[in-house]
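Asks: Quick one: the structure is below, and I'll ask about it shortly.
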Amino acid sequence: MSRPADPDEAFADRYREFMVRTLDGFEFFGVDPRGVPRRHSFERGYVALTLNQRDLGDDATVTAGARADQALRNHRRALVRGVAGSGKSTLLRWLGANIDEPATVPVLLELGRYADGQPPDLAEAVAAPLRPRMPAGWMHRMLAGGRVLLLLDGLEEVRPRERSHLEQWVEHHLAVYPDTRCVVTTRPSVVAEQWWADRGFQRFDLLPMSRHSIDKYVHGWHEMARDDHPEGSDARESLHHTERRLLATLSNRPALRGMSANPLLCGLLCALHMDRGEHLPENRKQVYDAALDLLLSRWPAMRRQYLRTGTPETHIPTEDVALSKEEQEKLLQRLAFWLVTNLEPVLTPEDAKDRMPSFMSGLRSEDEDPERVLRYLAHESGLLRELPSRSLEFLHRTFRDHLAAKEVVDEAYFGLMLDNADKPHWHDVVVMAGAHARPTERQRILLTLLERGKADHEHREALYLLAAAILEQATVLPADSQHVRNRVTEAMAELIPPRTPGAADQLAAAGEFVLDLLPGPGGLTAWQSALVVRAAARIAAQWNPPGAVEKILQFTANPSTGVINELLEPWGRLGDYEKYARDVLSEIDFRRFTVDLQNGRRIEHIGHLRTITNLVLRNDMRDLTPLADLPELRRLTLRDNMMTTLDPLTRSASLRVLVLDRCSSLADARPVDLSPLAGIPGLRRLVISGITSKVDLASLAGVRLDSLALRGSVALPAGLHVRHLTLSSAARRMKLAGVHGIRSIILDWAPDDDELAMLAGLPDLRRLVLWRVPPNTPAPELPGVNVTMSFHPAGGALTG
Numbered sequence: 006m007s008r009p010a011d012p013d014e015a016f017a018d019r020y021r022e023f024m025v026r027t028l029d030g031f032e033f034f035g036v037d038p039r040g041v042p043r044r045h046s047f048e049r050g051y052v053a054l055t056l057n058q059r060d061l062g063d064d065a066t067v068t069a070g071a072r073a074d075q076a077l078r079n080h081r082r083a084l085v086r087g088v089a090g091s092g093k094s095t096l097l098r099w100l101g102a103n104i105d106e107p108a109t110v111p112v113l114l115e116l117g118r119y120a121d122g123q124p125p126d127l128a129e130a131v132a133a134p135l136r137p138r139m140p141a142g143w144m145h146r147m148l149a150g151g152r153v154l155l156l157l158d159g160l161e162e163v164r165p166r167e168r169s170h171l172e173q174w175v176e177h178h179l180a181v182y183p184d185t186r187c188v189v190t191t192r193p194s195v196v197a198e199q200w201w202a203d204r205g206f207q208r209f210d211l212l213p214m215s216r217h218s219i220d221k222y223v224h225g226w227h228e229m230a231r232d233d234h235p236e237g238s239d240a241r242e243s244l245h246h247t248e249r250r251l252l253a254t255l256s257n258r259p260a261l262r263g264m265s266a267n268p269l270l271c272g273l274l275c276a277l278h279m280d281r282g283e284h285l286p287e288n289r290k291q292v293y294d295a296a297l298d299l300l301l302s303r304w305p306a307m308r309r310q311y312l313r314t315g316t317p318e319t320h321i322p323t324e325d326v327a328l329s330k331e332e333q334e335k336l337l338q339r340l341a342f343w344l345v346t347n348l349e350p351v352l353t354p355e356d357a358k359d360r361m362p363s364f365m366s367g368l369r370s371e372d373e374d375p376e377r378v379l380r381y382l383a384h385e386s387g388l389l390r391e392l393p394s395r396s397l398e399f400l401h402r403t404f405r406d407h408l409a410a411k412e413v414v415d416e417a418y419f420g421l422m423l424d425n426a427d428k429p430h431w432h433d434v435v436v437m438a439g440a441h442a443r444p445t446e447r448q449r450i451l452l453t454l455l456e457r458g459k460a461d462h463e464h465r466e467a468l469y470l471l472a473a474a475i476l477e478q479a480t481v482l483p484a485d486s487q488h489v490r491n492r493v494t495e496a497m498a499e500l501i502p503p504r505t506p507g508a509a510d511q512l513a514a515a516g517e518f519v520l521d522l523l524p525g526p527g528g529l530t531a532w533q534s535a536l537v538v539r540a541a542a543r544i545a546a547q548w549n550p551p552g553a554v555e556k557i558l559q560f561t562a563n564p565s566t567g568v569i570n571e572l573l574e575p576w577g578r579l580g581d582y583e584k585y586a587r588d589v590l591s592e593i594d595f596r597r598f599t600v601d602l603q604n605g606r607r608i609e610h611i612g613h614l615r616t617i618t619n620l621v622l623r624n625d626m627r628d629l630t631p632l633a634d635l636p637e638l639r640r641l642t643l644r645d646n647m648m649t650t651l652d653p654l655t656r657s658a659s660l661r662v663l664v665l666d667r668c669s670s671l672a673d674a675r676p677v678d679l680s681p682l683a684g685i686p687g688l689r690r691l692v693i694s695g696i697t698s699k700v701d702l703a704s705l706a707g708v709r710l711d712s713l714a715l716r717g718s719v720a721l722p723a724g725l726h727v728r729h730l731t732l733s734s735a736a737r738r739m740k741l742a743g744v745h746g747i748r749s750i751i752l753d754w755a756p757d758d759d760e761l762a763m764l765a766g767l768p769d770l771r772r773l774v775l776w777r778v779p780p781n782t783p784a785p786e787l788p789g790v791n792v793t794m795s796f797h798p799a800g801g802a803l804t805g
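Every position in the sequence shown, counted from 1, becomes a number in this note's numbering once 5 is added.
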């Protein structure tokens, strides 16, 4: 008779299945030809985003960032910063839907939905349909066991006066349940990050998409659009041409290429290109204006056309409300402005009842039923989303801020806006209002920001940067206003060199004129140099102005870790992959660093980085041939790699150490083919860890290795020569008699009598190390063998 399943585990399985189904979905903006938003599985076209860890100090590893799940893998607490539209919310959904630890249960909380900054008890966060079957105390036991992945989205949406409540809530939970994994997202420069850093949260920047990722995103968007048309149809073929034309346009127009590195803007550009062809906007304001026209005019027409010609069983909700585009836009502007002014993330049914009459005042349709008007906006505008609570929120906060800024300009609410310009949740509204304003109004905004900044030391940097951002978005000022431009430039000079990564990013966003203000490396600290390079590299990636590469090259002579990280990060965003590698990265001496890279397009041109000695490659690097062009490569780590062949490594004469970590064969049924390793002339050390496919070492018979480390059960072939052998407990009972020359062995378990007898039979064994064995483990006796023991059960991974 079988034992009944453990109630906690049975519910954990049910909960995980429910959450994966719930979280597994993202939206390609505007991909549906009817203008109807729909969710797509992450397996269909999602582009995994890249994170760069901050505060690394002078660590010996330099990197262009790692895929988000891999970057976060070894951190229990993380604060992820990303600008508007960079994909923060979707990233958390992706993490929750793709948990790599089967025992973990994800909990996603959208912080903006808690008006008092106080999230609920986590047991109440379990979806209502599941709660009746949840064992009493289940969530507490999951938390106590360190099995919860807590995903907190939108820290910037919590009111500043309520943020202390959230911080108390987080501190309490992590004090009671210290093993809880927690990832928090926020916009830059909105919250006091130091509070989180002091509590062990590692800080990460969500990086813009590389050209490789942009290409993948554009292809995925158009692939989804093609799904709506039968194979071989004209419409399907037309979308292939549309995709190719858009990629060519992005390649040739730097301003658009810079915008397309943001996932939201990339989706907008795809939708606008399909609708308008080559006539694409040149800046963010124009993109959002064009998107509003698409959402409020073009898509409703598409839906009406589809309803007339679509299949009878298809139902798209509609409301019979006669609202012009101008009326819709005004209603949405008033709603957006009210949300920003009151720092409300959603319009609740109660607030809607109180506010709608004033929102509709002065409209030709002000006698319409407010409830029906709201339903119409939610279903027809494409800008609002109705929540299960019947509250309404904007599809994306960027649209809300854009519309609120239009309302500021339309109703001349400049005084109110400028009084609040120092408050982070108004920053994007201020920039957009400056872009929407007429030239004389824009000049007034700029001068007020500069005067306020001069008098307000605490907020000077933010206010000056807002002025610069406005000037970058809008090029027209009144006649005889050169003094205003000069004052903005003078204000920028006061902020250089930048003090923080966020300040460097905002300086770069101010425009290419900042490049001339950035100093050379003379007299700068390593930290200041890294931030100057960060700003220069982002200006180059956005506009590629004359002199950008020359400015960057000044910092390549004797760079710190931070400078190299900032030089590597834009590789693939600044024009051509090969040109950047040849002109910039080839000037760096990488000998004292471990270089950690992903993205196969970079590896194609890695031969220009000729001084690399220690290289880590992540993810699917299908072709390792370019590594033969690295004359000094001594150590190579392949991590999370689905390998096709290791044959190209036989041409790497300098390679001495190879690490295969969490790799697999392309077809899991086949063993990872290690036979090429016998042809690497200088290979002396091999580490195999976390291999998900079978591994066959038979081809290494006769190979002589100084060191072999194995984590997993792998048969050792007779005739293998190894001086130093490291084994994990998964390799217990492994036969060692046929291996020659073993001088030392490291084990992470205490051998039993049979294993000791086998060890005693190794004629050359001189040293045995027992690593991380339980305290009070008796020391084994082996004649002629020096036995060392380490009692650290919480120690690091055994890698040899």
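All C-beta atoms, glycine included, are put in the ideal place defined by N, C-alpha and C.
Which whole-angstrom value is the C-beta distance of ARG86 and LEU211, which I expect to be below 8 Å?
Replies: About 7 Å; that satisfies the 8 Å criterion.
Asks: Taking buried to mean at least 16 other C-beta atoms within 10 Å of its own C-beta, is LEU155 buried or exposed?
Replies: Counting Cβ neighbours within 10 Å, LEU155 comes out buried, since at least 16 surround it.
Asks: According to DSSP, is GLN207 part of a helix, a strand, or is it coil?
Replies: Here GLN207 sits in strand by DSSP.
Asks: Quick test of your reading: GLU446 and GLN338, contact by CB under 8 Å. State the CB separation rounded to the nearest angstrom.
Replies: GLU446 to GLN338, Cβ: 16 Å. No contact.
Asks: Just the C-alpha distance for ARG667 and GLN533, rounded to the nearest angstrom, thanks.
Replies: Cα to Cα, ARG667 sits roughly 37 Å from GLN533.
Asks: Between which two residues does the alpha helix (DSSP H) holding ARG186 run?
Replies: First-last for ARG186: 186 to 191, but that is the beta strand (DSSP E), not the alpha helix (DSSP H).
Asks: To which residues does DSSP link GLU228 through a beta bridge?
Replies: None, per the DSSP bridge assignment.
Asks: Compute the beta-carbon to beta-carbon distance between HIS808 and LEU269, rounded to the nearest angstrom, for a pair I have assumed lies under 8 Å.
Replies: With the chain covering only 6 through 805, there is no way to say anything about residue 808.
Asks: Report the residue from THR55, ILE544, GLU14 whose alpha carbon sits nearest the alpha carbon of THR109.
Replies: Nearest of THR55, ILE544, GLU14 to THR109, Cα basis: GLU14.
Asks: Hey, could you find the ends of the alpha helix (DSSP H) ILE544 is sitting in?
Replies: Residues 531 to 548.
Asks: If we call anything under 7 Å between Cβ atoms a contact, is ARG716 one with SER733?
Replies: In this structure, SER733 lies closer than 7 Å to ARG716 by Cβ.
Asks: Using CA coordinates, which residue listed in LEU512, GLU416, ILE501, ARG492 is at the minimum distance from GLY528?
Replies: Selected option, being the one with the closest Cα: ILE501.
Asks: From the DSSP output, in three-state form, read off ALA71 for me.
Replies: ALA71 falls in the strand class under three-state DSSP.
Asks: With distances taken from CA atoms, which of VAL538, ASP757, GLY567, ASP588 is nearest PHE598?
Replies: Among VAL538, ASP757, GLY567, ASP588, the Cα nearest to that of PHE598 belongs to GLY567.
Asks: Pick out whichever of ASP594, ASP406, GLU495, VAL414 has its Cα sitting closest to the Cα of PHE518.
Replies: With distances taken between Cα atoms, PHE518 lies closest to GLU495.
Asks: Which runs of the alpha helix (DSSP H) fall wholly inside the region 330 to 388 and span at least 4 residues, in chain order?
Replies: Whole alpha helix (DSSP H) segments, 4+ residues: 330 to 346, 354 to 365, 375 to 385.
Asks: Would DSSP call PRO322 helix, strand or coil?
Replies: Annotation note: pLDDT 49 at PRO322 (below 50); position unreliable, no value reported.
Asks: Give the list of continuous beta strand (DSSP E) stretches no shorter than 3 residues that lie fully inside the region 220 to 304.
Replies: Taking only runs of at least 3 residues, no beta strand (DSSP E) segment lies wholly in the region 220 to 304.
Asks: When you compare only the Cα positions, how much space is there between PRO444 and ALA128?
Replies: In a straight line, the C-alpha of PRO444 is about 54 Å away from that of ALA128.
Asks: Starting from SER94 and walking both ways along the alpha helix (DSSP H), at which residues does that stretch end?
Replies: 93 to 102 is the span of the alpha helix (DSSP H), which, as asked, contains SER94.
Asks: Using DSSP's beta-bridge definition, name the partner residues of ASP701.
Replies: ASP678, per the DSSP bridge assignment.
Asks: State the beta-bridge partners of LEU715 as determined by DSSP.
Replies: Answer is ILE693, LEU732, bridged to LEU715.
Asks: Among the residues of its own chain, which have a CB less than 8 Å from the CB of ARG615, if the five just before and after it don't count?
Replies: Taken in chain order, the residues that qualify are SER591, ASP634, LEU635, PRO636, GLU637.
Asks: Bridge partners of PHE31, per DSSP?
Replies: In the DSSP output, where bridge partners are listed per residue, PHE31 has HIS45.
Asks: Would you kindly work out how many angstroms separate the C-alpha atoms of ARG644 and SER94, rounded to a whole number?
Replies: Near 27 Å, if we compare the C-alpha coordinates of SER94 and ARG644.
Asks: Suppose the cutoff is 8 Å on Cβ atoms and the five residues either side in sequence are ignored; what does the same chain contact list for GLY766 look like?
Replies: Cβ within range, chain order: ALA742.
Asks: Buried or exposed for HIS462, going by 16 or more other Cβ atoms inside 10 Å?
Replies: Exposed, since its Cβ has fewer than 16 Cβ neighbours within 10 Å.
Asks: Could you check how far apart the C-beta atoms of ILE386 and GLN333 are, in whole angstroms? I think they sit under 8 Å.
Replies: The question names Ile, but residue 386 is Ser in the sequence shown. With a Cβ gap of about 6 Å, SER386 and GLN333 count as contacting.
Asks: Count the CB pairs spanning the region 539 to 556 and the region 509 to 524 that are closer than 8 Å, and state whether there are at least three.
Replies: Yes: at least three Cβ pairs fall under 8 Å.
Asks: Counting C-beta neighbours from all protein chains within 10 Å, is the total for SER169 16 or more, i.e. buried, or is it exposed?
Replies: Exposed, since its Cβ has fewer than 16 Cβ neighbours within 10 Å.
Asks: Going by beta-carbon coordinates alone, are GLN58 and PHE206 separated by less than 7 Å?
Replies: Result no, Cβ atoms of GLN58 and PHE206 do not sit closer than 7 Å.
Asks: Helix, strand or coil: how does DSSP classify PRO111 here?
Replies: Here PRO111 sits in strand by DSSP.
Asks: What does the Cβ neighbour count give for LEU725, buried or exposed, with the cut at 16 atoms within 10 Å?
Replies: The residue is buried, with at least 16 neighbouring Cβ atoms inside 10 Å.
Asks: Considering LEU399, what are the terminal residues of the beta strand (DSSP E) in which it resides?
Replies: Residue 399 is actually Phe in this sequence, not Leu. Counting along the chain, the beta strand (DSSP E) containing PHE399 begins and ends at 397 to 399.
Asks: Going straight from the alpha carbon of VAL719 to that of ASP406, what length do you get?
Replies: Going from the Cα of VAL719 to the Cα of ASP406 covers about 58 Å.
Asks: Would DSSP call VAL621 helix, strand or coil?
Replies: Here VAL621 sits in strand by DSSP.
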